[in-house]
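In what follows, a single structure is set out as structure tokens and then discussed.
Numbering (the numbering used here), first residue to last: 202 to 834.
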């Protein structure tokens, strides 16, 4: 250690340390943040070669390296992890956001291999975990902040008697490179949090920390999960500004806060036009997109749109005007988009000059269209572009530079445009790690926006590690003929089944349904549901309790959100296709003997239950719901 500085903060202490390895000349400039209220230590930094010689075969760098740390008097360690959100299957339970419970046996370990195949962090599993002990009831969680490839390893080994050795490593994966004199690489941020209780206590400790210290405010906006419209899933490629005006008129009446024009607004459309960011499609917007943005604002909503700035298609405007901004994948072939050689080019985010120019452009684009919601998408694999361009003895160097540059560009955008709500998207949920969520206000969690039971299960898993503001999807039910479960005649007669929208209410509330389907009764119903959601949405950012663990659509499902400070909460129960019309629910966060007064959100009827006793729930209809709000007395 060479230097250390400690700065008291309202949340704890900010500690800066420079670690020096005299033999090699490597220096690690680290920043440690101690959060007293959440029991979290956050740390990361940068590794420098301060010597006059090239340092060979550098691996990692490791953010965390605990090797055989002795622990005594502990039992079997249990680890809770959540799979990533890339897979879109609607099977039940779906593979995306699957919750995994694993025990660490003696001489046993668990590896989280993230982004190995394509380079995006959560292609398979989210680089976070909750670790609990069966004897002491102590636990800890970790959340690794890296949007690319990483390896996290945890193991327990016997040391004799009741003594055991804990090992825990975390580092960017599959790197081995030479560091030239004066060069540096990022050391990604790791979060370690400590708690006393089971894995649900750990889940809520992690969520609480993210809400208090990770999510950045939107200037002039709300910290609550938003209510928004997105056009993409409701339309085929055949749409124009008249269609969007019809939807803007209808959705303004429903109480939308944001209206988002997704992919396809630019010349050439999605994907062939990616890179034509300065050219609006005149067939879609003959008067320009500025005019439509003003139309949206006059309706009382904030305007948003879509970009995929990390890629551009060959032959589009940006690569023609700025060829030095991009790299190609050379001779490599893509398994995506009909195969063949890559027709995409990747932005050189490792180049600070490129990042600066792109940041300038992003700021001007935001100002031009009065953008207040940016859906930042990422629909390809980054790994082949790194592999094709890394020189000998530099395996992983572009990977590190790209990930570091991406985070810096997102930071720069949020600094310059604090009024913009940034929606994170990566082909659905392929980069659902805390580094990206720290640089976003919400997240498109999965590209399946039509299979209702699966969407409900996505949210159940996501809420185990992140708060509900990161659970974006869009209400879509009867718009597309091939996806209809309910006939149009049935919709006209019976209206929308309540479970369809309510299955999304553990996250944000988005819409894509075309409004031509609605009767006046339907519109009134949807508006009422939006108002009810707004009345409870702050609770979605509080403690989360899954009420069931269904493995079949013939089983009950549901959740509870609970504010431990005020004693308020909300409960949502889904009968699904269960043959049982009655069920009992154990409420979380309620002490034995406490009085809980509940109100039915549909009938306003009230009932009282004592903490420690099961709450009886009756749902007479198949696929019916019971929605309650409560207050502890």
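Glycine is no exception: its CB is placed at the ideal position from the N, C-alpha and C atoms. Given the structure is predicted, the values throughout are model-derived calculations rather than measurements.
Nonlocal neighbours in the same chain, by C-beta distance under 8 Å from residue i, ignoring five residues either side
| i | result |
| --- | --- |
| residue 317 | 324, 325, 350, 374 and 375 |
| residue 656 | 647, 649, 650, 674, 704 and 705 |
| residue 534 | 540, 541, 542 and 543 |
| residue 794 | 811, 812 and 813 |
Outcome for residue i when other beta-carbon atoms lying within 10 angstroms are tallied against a minimum of 16
| i | result |
| --- | --- |
| residue 716 | buried |
| residue 763 | buried |
| residue 558 | exposed |
| residue 290 | exposed |
| residue 606 | buried |
| residue 811 | exposed |
| residue 258 | exposed |
| residue 771 | buried |
| residue 222 | exposed |
| residue 815 | exposed |
| residue 157 | Not covered by the structure: residue 157. The range shown for the chain is 202 to 834. |
| residue 203 | exposed |
| residue 338 | exposed |
| residue 418 | exposed |
| residue 632 | buried |
| residue 742 | buried |
| residue 806 | exposed |
| residue 281 | buried |
| residue 594 | exposed |
| residue 270 | exposed |
| residue 292 | exposed |
| residue 347 | buried |
| residue 627 | buried |
| residue 661 | buried |
| residue 730 | buried |
Residue i versus the options, residue with shortest Cα-Cα distance
| i | options | result |
| --- | --- | --- |
| residue 531 | 606, 432 and 587 | 587 |
| residue 272 | 670, 357 and 806 | 357 |
| residue 336 | 330, 620, 753 and 398 | 398 |
| residue 752 | 539, 296 and 739 | 296 |
| residue 328 | 721, 681, 638 and 653 | 638 |
| residue 303 | 315, 292 and 283 | 283 |
| residue 261 | 355, 789, 700 and 379 | 379 |
| residue 144 | 468, 347 and 371 | A query on residue 144 cannot be resolved here, the shown segment of the chain reaching from 202 to 834 and no further. |
| residue 197 | 744, 728, 723 and 786 | Beyond the ends of the chain as shown, which are 202 and 834, falls residue 197; an answer cannot be given. |
| residue 740 | 783, 405, 293 and 263 | 405 |
| residue 206 | 212, 225, 541 and 234 | 234 |
| residue 699 | 727, 292 and 712 | 727 |
| residue 472 | 580, 344, 377 and 408 | 580 |
| residue 344 | 352, 359, 391 and 315 | 391 |
| residue 801 | 820, 781 and 523 | 820 |
| residue 555 | 461, 589, 610 and 592 | 610 |
Contacts around residue i, its chain only, beta-carbon distance under 6 Å, and the 5 residues preceding and following it disregarded
| i | result |
| --- | --- |
| residue 774 | 759, 818 and 827 |
| residue 799 | 808, 829 and 831 |
| residue 613 | 560 |
| residue 583 | 320 |
| residue 305 | 278 and 357 |
| residue 685 | 679 |
| residue 777 | 754 and 758 |
| residue 585 | 530 and 533 |
| residue 477 | 467, 468, 469, 517 and 518 |
| residue 402 | 396 |
Contacts around residue i, its chain only, beta-carbon distance under 7 Å, and the 5 residues preceding and following it disregarded
| i | result |
| --- | --- |
| residue 246 | 229, 230, 231, 232 and 388 |
| residue 493 | 442, 445 and 486 |
| residue 237 | 212 and 213 |
| residue 226 | 250, 251 and 252 |
Test: residue i CB closer than 7 Å to a CB of chain B
| i | result |
| --- | --- |
| residue 671 | The structure shown has no chain B; it contains just one protein chain. |
Enumerate, from N- to C-terminal direction, the unbroken alpha helix (DSSP H) stretches of 4 or more residues contained entirely within the stretch 447-502. Scanning the stretch 447-502 from its first residue to its last, the whole alpha helix (DSSP H) runs of 4-plus residues come out as 490-499.
Suppose only complete runs of 4+ residues qualify. What are the alpha helix (DSSP H) ranges in the stretch 667-727, listed by chain order? Taking 4 residues as the minimum length, the alpha helix (DSSP H) runs contained wholly in the stretch 667-727 are 689-695 and 699-703, in order along the chain.
Are at least three pairs of beta-carbons, each pair with one atom in the stretch 648-658 and one in the stretch 588-605, less than 8 Å apart? These segments do not touch.
Beta strand (DSSP E) segments (min. 3 residues) lying fully within the stretch 398-435: DSSP runs (the beta strand (DSSP E)) wholly in the stretch 398-435: 428-431.
Quick check on the DSSP output: what are the complete beta strand (DSSP E) runs of length 3 or more inside the stretch 352-396, in order along the chain? Within the stretch 352-396, complete beta strand (DSSP E) segments of at least 3 residues are found at 364-373 and 377-380, given in chain order.
So does the stretch 446-455 actually touch the stretch 492-508, counting three or more Cβ pairs closer than 8 Å? Touching, yes.
Inter-stretch contact (C-beta, 8 Å, three-pair minimum) for the stretch 356-368 and the stretch 411-426: Using a Cβ-Cβ distance cut-off of 8 Å, the stretch 356-368 and the stretch 411-426 are not in contact, since fewer than three pairs of beta carbons, one from each stretch, lie closer than that value.
Flag this pair as touching only if the stretch 701-714 and the stretch 732-742 have three or more C-beta atom pairs under 8 Å; answer yes or no. Yes: at least three Cβ pairs fall under 8 Å.
Within the chosen definition, does the stretch 620-632 reach the stretch 562-581 through at least 3 CB pairs nearer than 8 Å? Contact holds: three or more Cβ-Cβ distances are below 8 Å.
Cβ contact check for the stretch 239-258 and the stretch 380-396: 3 or more pairs under 8 Å: Between the stretch 239-258 and the stretch 380-396 there are three or more C-beta pairs closer than 8 Å, enough to call the two in contact.
Do the stretch 510-526 and the stretch 538-545 make contact, defined as three or more Cβ pairs closer than 8 Å? Under the three-pair Cβ rule at 8 Å, the stretch 510-526 counts as touching the stretch 538-545.
What are the start and end residues of each continuous alpha helix (DSSP H) run of 4 or more residues lying completely inside the stretch 517-553, in chain order? Entirely contained in the stretch 517-553, the alpha helix (DSSP H) runs reaching 4 residues are, in chain order, 518-522.
Does the pairing of the stretch 651-668 with the stretch 404-417 give three or more beta-carbon distances under 8 Å? Touching, yes, given that three or more Cβ pairs across the two stretches are closer than 8 Å.
Quick check on the DSSP output: what are the complete alpha helix (DSSP H) runs of length 4 or more inside the stretch 733-783, in order along the chain? Entirely contained in the stretch 733-783, not one alpha helix (DSSP H) run reaches 4 residues.
In chain order, which beta strand (DSSP E) runs of at least 3 residues are fully inside the stretch 205-230? Fully enclosed beta strand (DSSP E) runs of no fewer than 3 residues occupy 213-222 of the stretch 205-230, in order along the chain.
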